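A.B. asks: What follows is a structure written as structure tokens; I'll ask about it next.
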Amino acid sequence: MLDKHQDARLANLWDDGKAAGMTEPEKLLYRSNLLGSDKRITNYGGGNTSAKVMEKDPLTGEIVEVLWVKGSGGDVGTIKMDGFSTLYMDKLRALKGIYRGVEFEDEMVGYLPHCTFNLNPRAASIDTPLHAYVPKPHVDHMHPDAIIAIAASKNSRELTSKIFGDEIGWLPWKRPGYELGLWLEKFCQENPDARGVVLESHGLFTWGDTAKEAYETTIEIINRAIAWFETENTGPAFGGRSKPVLAAADRAAIAKKLMPVIRGLISAGESKVGHFDDSQAVLDFVTSTSLEPLAALGTSCPDHFLRTKIRPLVVDFDPAQPDVGNTLAGLPEAIATYRADYAAYYERCKRADSPAMRDPNAVVYLVPGVGMITFAKDKATARISAEFYVNAINVMRGASGVSTYVGLPEQEAFDIEYWLLEEAKLQRMPKPKSLAGRIALVTGGAGGIGKATANRLMQEGACVVLADIDETALEAAQTELSTRYGKDFVRSVNMNVTSEAAVESGFGDALLAFGGLDILVSNAGLATSAAVEDTTLALWNKNMDILATGYFLVSREAFRIFRNQKAGGNVVFVASKNGLAASPGASAYCTAKAAEIHLARCLALEGASAQIRVNVVNPDAVLRGSKIWTGEWKEQRAAAYKMDVDELEAHYRERSMLKLSVFPEDIAEAIYFLASDMSAKSTGNIVNVDAGNAQSFTR
Ligand SMILES: [Zn+2]
Numbered sequence: 084m085l086d087k088h089q090d091a092r093l094a095n096l097w098d099d100g101k102a103a104g105m106t107e108p109e110k111l112l113y114r115s116n117l118l119g120s121d122k123r124i125t126n127y128g129g130g131n132t133s134a135k136v137m138e139k140d141p142l143t144g145e146i147v148e149v150l151w152v153k154g155s156g157g158d159v160g161t162i163k164m165d166g167f168s169t170l171y172m173d174k175l176r177a178l179k180g181i182y183r184g185v186e187f188e189d190e191m192v193g194y195l196p197h198c199t200f201n202l203n204p205r206a207a208s209i210d211t212p213l214h215a216y217v218p219k220p221h222v223d224h225m226h227p228d229a230i231i232a233i234a235a236s237k238n239s240r241e242l243t244s245k246i247f248g249d250e251i252g253w254l255p256w257k258r259p260g261y262e263l264g265l266w267l268e269k270f271c272q273e274n275p276d277a278r279g280v281v282l283e284s285h286g287l288f289t290w291g292d293t294a295k296e297a298y299e300t301t302i303e304i305i306n307r308a309i310a311w312f313e314t315e316n317t318g319p320a321f322g323g324r325s326k327p328v329l330a331a332a333d334r335a336a337i338a339k340k341l342m343p344v345i346r347g348l349i350s351a352g353e354s355k356v357g358h359f360d361d362s363q364a365v366l367d368f369v370t371s372t373s374l375e376p377l378a379a380l381g382t383s384c385p386d387h388f389l390r391t392k393i394r395p396l397v398v399d400f401d402p403a404q405p406d407v408g409n410t411l412a413g414l415p416e417a418i419a420t421y422r423a424d425y426a427a428y429y430e431r432c433k434r435a436d437s438p439a440m441r442d443p444n445a446v447v448y449l450v451p452g453v454g455m456i457t458f459a460k461d462k463a464t465a466r467i468s469a470e471f472y473v474n475a476i477n478v479m480r481g482a483s484g485v486s487t488y489v490g491l492p493e494q495e496a497f498d499i500e501y502w503l504l505e506e507a508k509l510q511r512m513p514k515p516k517s518l519a520g521r522i523a524l525v526t527g528g529a530g531g532i533g534k535a536t537a538n539r540l541m542q543e544g545a546c547v548v549l550a551d552i553d554e555t556a557l558e559a560a561q562t563e564l565s566t567r568y569g570k571d572f573v574r575s576v577n578m579n580v581t582s583e584a585a586v587e588s589g590f591g592d593a594l595l596a597f598g599g600l601d602i603l604v605s606n607a608g609l610a611t612s613a614a615v616e617d618t619t620l621a622l623w624n625k626n627m628d629i630l631a632t633g634y635f636l637v638s639r640e641a642f643r644i645f646r647n648q649k650a651g652g653n654v655v656f657v658a659s660k661n662g663l664a665a666s667p668g669a670s671a672y673c674t675a676k677a678a679e680i681h682l683a684r685c686l687a688l689e690g691a692s693a694q695i696r697v698n699v700v701n702p703d704a705v706l707r708g709s710k711i712w713t714g715e716w717k718e719q720r721a722a723a724y725k726m727d728v729d730e731l732e733a734h735y736r737e738r739s740m741l742k743l744s745v746f747p748e749d750i751a752e753a754i755y756f757l758a759s760d761m762s763a764k765s766t767g768n769i770v771n772v773d774a775g776n777a778q779s780f781t782r
């Protein structure tokens with residue numbers, strides 16, 4: 084985390100050996116990735132880099148000057164070559180001739196595609212003119228915490244000149260766009276020896292004649308700011324501590340209680356996913372005397388508040404006398420007040436052509452003594468919002484330590500939040516998937532039906548917690564799914580479903596990971612076979628423990644969460660054909676499966692008034708990928724039918740009415756249907772996925 088390195092300088096990572104032989108665009112890419120690899124230099128997606136390169140025009144064969152600049156929506160840390168847009172410099176310069184003035188600056192964005200060099204499909208960003216008009220070959224624009232701390236100080240101009248003299252200039256706050264590009268050009272013409280400029284409330288511009296020089300200047304200037312804060316900002320963080328920090332386990336316990344309740348209160352429009360952060364930087368802030376006043380001022384850098392909303396919600400919780408019950412009881416009103424304040428801000432600041440008000444709920448929830456909770460439409464956005472607020476905390480810490488911290492003026496913040504260009508970007512976003520923002524826990528999730536189900540739900544945008552007792556399989560499944568869908572979407576917990584304590588702690592981990600729960604798929608199972616006279620009590624109990632008690636324990640825990648969260652809920656049991664149809668030599672298994680099915684019906688009845696749906700999928704003979712079908716059970720079944728184990732699959736296929744094999748993906752499809760809104764009006768149902776078996780027709 085940032086705080087560990089707060090006092091350390093940035094290292095110069097430029098490697099001449101690596102850079103030798105690179106083309107100018109390759110050096111630009113190299114420099115960008117180096118800069119973006121450290122969040123102290125710039126936040127995720129924040130800032131941009133550029134190079135002006137002489138290239139052969141594919142149309143005329145002439146050598147022309149081309150601007151390579153980070154395209155719209157990219158991140159300098161992870162950008163690849165195709166993330167840069169390329170534009171003719173002569174055309175960009177010609178745009179000055181049609182510029183009608185600052186009140187029309189947004190229309191200039193529409194001209195940028197006309198300047199595209201070499202049919203590059205990467206859209207040019209709003210910041211393009213800022214790079215084009217700085218008359219230097221290599222330009223970096225970064226959002227370093229240490230620089231924004233200066234830029235967001237009340238006397239930021241004075242501080243800039245005190246720290247950097249004439250080397251770094253200063254420009255007052257101006258929304259990024261065409262006009263700011265012209266300001267930068269004018270600044271460079273009037274200050275030919277300057278190496279960069281601080282933009283008030285925003286960030287840093289630096290430049291150089293070579294890629295290496297630009298990179299080293301950026302690092303040097305940020306390091307000078309860091310060093311200056313080291314000597315000047317020596318008092319206690321945020322004016323000192325006024326609240327105790329709870330122990331790590333207690334912080335997690337409080338977060339687990341708060342997150343599902345907050346989630347339920349803010350998920351009416353769209354389901355949200357949570358993220359919890361109790362890093363040192365956050366704890367320093369949420370235990371300080373300045374927490375409430377600084378939080379109320381809002382964030383400064385436009386990048387920060389686009390992700391975090393202008394203000395966080397400070398949760399009413401006293402770590403000196405922790406009473407989470409009181410806090411929970413007060414949340415509905417606190418959240419309603421936040422929404423009303425946000426609506427009032429929208430009404431105060433809106434313009435004739437402003438887009439409609441967006442979700443008025445807070446993104447960031449600060450809990451004194453505990454940490455920070457963020458909620459967004461998906462896990463990655465919630466995590467990145469938290470990272471951004473940590474950037475904002477670092478900025479407030481620096482600025483308030485040496486000066487007075489100033490947030491962005493409200494109207495300026497609004498104009499960026501509801502900028503028509505920003506709205507257009509939102510409108511271009513793909514439609515959310517059917518389970519976007521939903522959180523599922525799948526028991527027996529490491530293999531067979533469980534893993535296929537997790538895969539199906541994640542395909543539809545859900546976050547999934549895999550619960551299993553097989554640690555090795557669990558790790559493999561998590562790696563496989565996170566490679567396919569992204570690390571943010573999947574977590575795993577070791578959970579023995581027959582242990583009350585393990586179930587409780589596993590669900591707790593899920594709450595801390597994602598902030599709530601919408602879907603429980605109870606799938607962990609086993610199968611045994613023995614004539615009744617040979618069935619030991621131990622074997623009987625094992626079936627009952629896993630298939631009946633295990634399903635009860637996980638459902639009870641899910642129901643508790645659903646009731647706290649007050650946003651409905653969804654339970655799908657994976658039972659068996661044998662829960663309906665008797666089978667010879669498997670009385671313990673069949674009876675436990677029947678208990679499971681009846682439990683589902685009882686729970687459907689109990690949950691209905693709280694919009695909790697409970698349904699059952701009955702598979703039969705799903706051999707592939709199933710652990711149940713490895714080893715003994717397979718041999719026992721084969722022996723019972725007097726055949727070779729390899730003949731079993733064909734045997735089951737031929738036995739079915741439809742003469743089809745049943746695969747884990749077939750069961751997963753039925754589970755997805757029952758877990759999704761497609762089956763919103765179904766509860767207490769059984770769906771057989773067994774290729775047809777008259778004996779198990781429901782009645
Ligand atoms: Zn910026």
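Take the sequence shown: its position 650, counted from the start at 1, is 733 in the numbering used here, and no numbers get skipped. Here a beta-carbon is modelled for each residue, glycine too, at the ideal position from N, C-alpha and C. All figures in this text were calculated on a predicted structure; none of them were measured in a lab.
(1) K174 and I162: beta carbons closer than 8 Å?
(2) Please confirm whether any heavy atom of ligand 1 lies closer than 7 Å to the CB of T214.
(3) Is it buried or exposed for Y724, if we count other Cβ within 10 angstroms and need 16 for buried?
(4) Verify whether the separation of the beta carbon atoms of C432 and F497 is less than 8 Å.
(5) Measure the C-alpha to C-alpha separation of I418 and L348 and round it to an integer number of angstroms.
(6) Go through the region 662-744 residue by residue and report every complete run of the beta strand (DSSP E) that reaches 3 residues or more, in order.
(7) Are the region 203-221 and the region 240-248 touching, with three or more C-beta to C-beta distances below 8 Å?
(8) Let me make sure I understand the geometry here. Which of D592, K676, G544 and I644 has the alpha-carbon closest to that of W623?
(9) Under a three-way DSSP split, which group does R511 fall into?
(10) Go through the region 215-272 residue by residue and report every complete run of the beta strand (DSSP E) that reaches 3 residues or more, in order.
(11) In whole angstroms, what separates the C-alpha of A146 from that of E250?
(12) Check whether the Cβ of H285 sits closer than 7 Å to any heavy atom of ligand 1, and report yes or no.
(13) According to DSSP, simplified to helix, strand and coil, what is T382?
(14) Check whether the region 311-327 and the region 370-380 are in contact - that is, three or more C-beta pairs closer than 8 Å.
(15) Can you determine whether any heavy atom of ligand 1 sits closer than 7 Å to the C-beta of H197, and answer yes or no?
(16) Once you ignore the five residues that flank M740 on each side, which residues in its own chain have a CB closer than 6 Å to its CB?
(17) Taking the runs of the beta strand (DSSP E) that are 3 residues or longer, which of them lie wholly in the region 477-532?
(18) Do G381 and L491 have their C-beta atoms within less than 8 Å of each other?
(19) How about G129: is its Cβ closer than 7 Å to a heavy atom in ligand 1?
(20) Quickly, what does DSSP pair R324 with across the bridge? List them, please.
(21) Does DSSP classify W311 as helix, strand or coil?
(22) Nearer than 7 Å: is that true of the beta carbon of H358 relative to any heavy atom of ligand 1?
(23) Can you tell which of Y171, M164, T317 and D461 has its C-alpha closest to the C-alpha of P141?
(24) Measuring only from the beta carbon, is D773 closer than 7 Å to any heavy atom that is part of ligand 1?
(25) So, under 8 Å CB-CB, G279 and W290 are touching, yes? Tell me the CB distance rounded to an integer number of Å.
(26) In this structure, what does DSSP give as the bridge partners for T199?
(27) At a threshold of 7 Å, does D386 count as lining ligand 1 (C-beta to nearest heavy atom)?
(28) Using the Cα positions of M541 and A758, report the straight-line distance between them to the nearest angstrom.
(29) Taking the runs of the beta strand (DSSP E) that are 3 residues or longer, which of them lie wholly in the region 430-467?
(30) Taking buried to mean at least 16 other C-beta atoms within 10 Å of its own C-beta, is Q89 buried or exposed?
(31) Just to check, is the beta-carbon of P227 closer than 7 Å to a non-hydrogen atom of ligand 1?
(32) Quick one, which of N653, K660, T562 and C673 has its alpha-carbon nearest A614's?
(33) With three or more C-beta pairs closer than 8 Å as the rule, is the region 561-570 touching the region 617-632?
C.D. replies: According to the data block:
(1) no
(2) Checking the sequence, you will find His at residue 214 rather than Thr. No.
(3) exposed
(4) yes
(5) 8 Å
(6) 695-702
(7) no
(8) K676
(9) coil
(10) 221-225 and 251-254
(11) Note that residue 146 is Ile in the sequence shown, not Ala. Approximately 33 Å between the Cα atoms of the pair.
(12) yes
(13) coil
(14) yes
(15) no
(16) G775
(17) 522-526
(18) yes
(19) yes
(20) S371
(21) helix
(22) no
(23) Y171
(24) no
(25) 6 Å
(26) L170
(27) yes
(28) 12 Å
(29) 447-450 and 454-459
(30) Note that Q89 has pLDDT 48, beneath the 50 cutoff, so the model's placement of it is unreliable and the number below is only indicative. With 16 or more Cβ atoms within 10 Å of its Cβ, Q89 is classed as buried.
(31) no
(32) C673
(33) no
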